[in-house]
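**Q**
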Amino acid sequence: MSFPLRPKKINYAVQLDSVSPVRVRYLIVVSTLANKHESILLGMDFPNSDSDHCTIGLVLPIWSNTQVYLDGDGGFSVSSAKETRIFKPVSMQTMWSVLQVLHGCCERAIKAALIPGSGLEWARHYYRHIESDRNCLNEWEVMNDLESIRKDSYGQSSAERVSNEILIKEHLRDIMRTEDLDNLTSKMVHATLESRIGFDMRPYKEYIDNEILVTMAQMDKPSKIFDYLYLGSEWNAANFEELQKNNVGYILNVTREIDNFFPESFSYMNIRVYDVEATDLLSHWPATFNFINTARYQSGQAVLVHCKMGVSRSASTVIAYAMKQQHWTLDVALNYVRDRRSIVKPNEGFMKQLHTYSGILSARLGLVLFFFPVLFSLEAQLRNRHSALWKRKSRDQRQKSVRNEERGEEEKTADDEEEEEDEEEEEEEDDDEEDDGLDEDDGVDNPDEKNYSGEDCEVIRS
Numbered sequence: 104m105s106f107p108l109r110p111k112k113i114n115y116a117v118q119l120d121s122v123s124p125v126r127v128r129y130l131i132v133v134s135t136l137a138n139k140h141e142s143i144l145l146g147m148d149f150p151n152s153d154s155d156h157c158t159i160g161l162v163l164p165i166w167s168n169t170q171v172y173l174d175g176d177g178g179f180s181v182s183s184a185k186e187t188r189i190f191k192p193v194s195m196q197t198m199w200s201v202l203q204v205l206h207g208c209c210e211r212a213i214k215a216a217l218i219p220g221s222g223l224e225w226a227r228h229y230y231r232h233i234e235s236d237r238n239c240l241n242e243w244e245v246m247n248d249l250e251s252i253r254k255d256s257y258g259q260s261s262a263e264r265v266s267n268e269i270l271i272k273e274h275l276r277d278i279m280r281t282e283d284l285d286n287l288t289s290k291m292v293h294a295t296l297e298s299r300i301g302f303d304m305r306p307y308k309e310y311i312d313n314e315i316l317v318t319m320a321q322m323d324k325p326s327k328i329f330d331y332l333y334l335g336s337e338w339n340a341a342n343f344e345e346l347q348k349n350n351v352g353y354i355l356n357v358t359r360e361i362d363n364f365f366p367e368s369f370s371y372m373n374i375r376v377y378d379v380e381a382t383d384l385l386s387h388w389p390a391t392f393n394f395i396n397t398a399r400y401q402s403g404q405a406v407l408v409h410c411k412m413g414v415s416r417s418a419s420t421v422i423a424y425a426m427k428q429q430h431w432t433l434d435v436a437l438n439y440v441r442d443r444r445s446i447v448k449p450n451e452g453f454m455k456q457l458h459t460y461s462g463i464l465s466a467r468l469g470l471v472l473f474f475f476p477v478l479f480s481l482e483a484q485l486r487n488r489h490s491a492l493w494k495r496k497s498r499d500q501r502q503k504s505v506r507n508e509e510r511g512e513e514e515k516t517a518d519d520e521e522e523e524e525d526e527e528e529e530e531e532e533d534d535d536e537e538d539d540g541l542d543e544d545d546g547v548d549n550p551d552e553k554n555y556s557g558e559d560c561e562v563i564r565s
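Note that this note's numbering has the sequence shown beginning at 104, numbered continuously upward.
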């Protein structure tokens with residue numbers, strides 16, 4: 104059977120527990136697409152899990168006075184006008200998701216001032232098509248039993264109760280960190296707590312359910328580790344508006360089983376591994392470190408690191424990053440990350456790898472600290488040697504300049520002396536020519552007969 108939903112949309116569909124081992128029940132949240140955002144809840148019944156035929160067993164409008172409560176037994180109740188209905192989702196994860204959707208519908212109904220008798224006329228169509236059989240209708244109309252609303256009459260002292268609640272909280276968080284929330288129900292949590300702790304959980308139903316929601320809320324919101332780094336779950340990786348609000352541009356997906364939801368809008372890096380102790384994460388940490396810092400320094404955008412729950416695989420990767428980036432020990436990095444996301448718990452295999460990685464980083468730092476004085480000394484020696492060579496070169500250049508100046512003066516003096524000698528030689532040659540002319544004029548035929556007179560003759564020796 105099909106139902107016209109236009110112009111409506113199905114906001115959410117969650118499978119519910121059923122008293123029948125065969126019949127399948129779904130709670131569907133249907134809203135209009137108009138500005139008013141009117142919503143109703145539809146209870147759908149399938150005869151079995153393979154059937155494509157369904158009937159309507161419940162129609163519940165969402166008015167401005169609609170209230171949503173936890174029922175203290177792994178489910179929640181919705182009170183709308185004079186009707187109250189109880190719903191028990193098949194898992195805690197689906198319960199948390201549908202509670203968020205319902206709170207959003209209630210807020211929009213308050214803003215639109217929807218009261219019985221004004222609005223939601225389109226819901227009449229679905230009232231006319233309630234066709235599930237009586238067994239199904241009885242299950243939709245069931246009222247809460249007395250046990251779930253009975254006041255605490257166990258007579259515990261406040262100190263004893265506080266002590267027990269602290270113990271319950273510790274074990275509860277461990278259960279939710281280690282179990283698959285897709286298949287975990289509130290009843291299973293209660294049974295596991297009783298088995299672990301050893302006392303009756305009935306007086307603590309409300310406390311346990313509230314703590315479940317608190318833990319789910321922590322898992323639902325990404326944890327801000329640094330201004331540029333968030334740690335979260337697959338839900339955060341699938342929340343486009345939240346990613347934009349946190350200025351996330353890069354996503355590090357540390358899972359084998361979860362796809363990249365928005366590959367056209369974000370830069371992804373995938374480490375395709377499972378959350379088992381034998382998984383090798385350590386070999387990927389240098390690459391994940393570079394990926395995070397690339398986003399930080401080159402793009403100015405934030406990074407979301409996620410696995411399925413943000414507890415083990417992605418948490419280990421973020422702890423490894425913090426150790427290297429901040430030069431922290433493993434204990435400091437683990438406590439820092441856990442302070443910002445209390446559900447962090449790397450599996451034993453990852454903890455061993457973190458210890459190994461811590462040793463590697465410490466060894467590298469030790470080498471740097473060991474060789475730094477040597478390198479500093481060598482740098483100083485090279486600086487001094489360079490300075491000495493520079494001074495020597497400067498001195499040699501100055502001496503060379505002085506020698507060049509002196510050589511220039513000597514060359515100039517030698518040139519002057521050569522010029523004077525040339526002038527003297529020219530004068531001597533002129534005198535010789537004059538003497539020769541005189542001899543010819545005197546007509547002396549025989550030189551041996553010449554008379555040298557001291558007064559007439561001047562001897563010039565050069």
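Yeah, the Cβ is synthetic: ideal placement off N, Cα and C, and Gly gets one too.
Under three-state DSSP, which class holds Met319?
**A** helix
**Q** Once the 5 residues before and after Met304 are set aside, which same chain residues still bring their CB inside 7 angstroms of it?
**A** His293, Leu296, Glu297, Ile311
**Q** Using the DSSP secondary-structure output, state which residues sit across from His409 in a beta bridge.
**A** Gly335, Asn356
**Q** Does the beta-carbon of Gly258 have 16 or more other beta-carbons within 10 angstroms, so that it is buried, or is it exposed?
**A** Reliability fails at Gly258, whose pLDDT of 49 lies under 50, so the model's placement of it is uncertain and no value is given.
**Q** Please report the straight-line C-alpha distance between Tyr410 and Ile213, rounded to a whole angstrom.
**A** A quick correction: the sequence has Cys, not Tyr, at residue 410. Spanning the two alpha carbons is a distance of roughly 36 angstroms.
**Q** Check whether the Cβ atoms of Leu384 and Phe453 lie closer than 7 angstroms to each other.
**A** yes
**Q** I'd like to know if the stretch 434-449 and the stretch 367-375 are in contact, where contact means that at least 3 CB-CB pairs between them fall below 8 angstroms.
**A** no
**Q** Which one of Val117, His140, Val125 has the shortest CA to CA distance from Ile131?
**A** Val117
**Q** Does the stretch 163-175 come close enough to the stretch 278-286 to have 3 or more Cβ pairs within less than 8 angstroms?
**A** no
**Q** Helix, strand or coil: how does DSSP classify Ile374 here?
**A** Reduced to three states, the DSSP call for Ile374 is coil.
**Q** Count the other CB atoms within 10 Å of the CB of Ile113; is the residue buried (16 or more) or exposed (fewer)?
**A** Ile113 should be labelled exposed.
**Q** Just to confirm, are Pro389 and Ala418 a CB contact at a threshold of 7 angstroms?
**A** no
**Q** Is it true that the CB of Glu380 sits closer than 7 angstroms to the CB of Glu451?
**A** yes
**Q** So, do the stretch 210-228 and the stretch 133-148 have three or more beta carbon pairs nearer to each other than 8 angstroms?
**A** yes
**Q** Report yes if the CB atom of Leu464 is closer than 7 angstroms to the CB atom of Lys427, and no otherwise.
**A** yes
**Q** Decide yes or no for the touch test of the stretch 401-408 against the stretch 427-440: beta carbon pairs closer than 8 angstroms, at least 3 of them.
**A** no
**Q** Using CA coordinates, which residue listed in Asp330, Thr318, Tyr353, Lys272 is at the minimum distance from Ala340?
**A** Tyr353
**Q** Does the distance from the C-beta atom of Ile395 to that of His387 stay below 7 angstroms?
**A** no
**Q** DSSP on Asp120, reduced to helix/strand/coil?
**A** Per DSSP, reduced to three states, the secondary structure at Asp120 is coil, with no helix or strand assignment.
**Q** Ends of the alpha helix (DSSP H) at Thr197?
**A** 195-214
**Q** Using C-beta distances below 7 angstroms, list every residue in its chain close to Met319, excluding the 5 sequence neighbours before and after it, in chain order.
**A** Met195, Trp199
**Q** According to the neighbour-count rule (16 or more other Cβ atoms, all chains shown, within 10 Å of its Cβ), is Gly335 buried or exposed?
**A** buried
**Q** Any idea which residues DSSP pairs Tyr115 with across the strands?
**A** Val132
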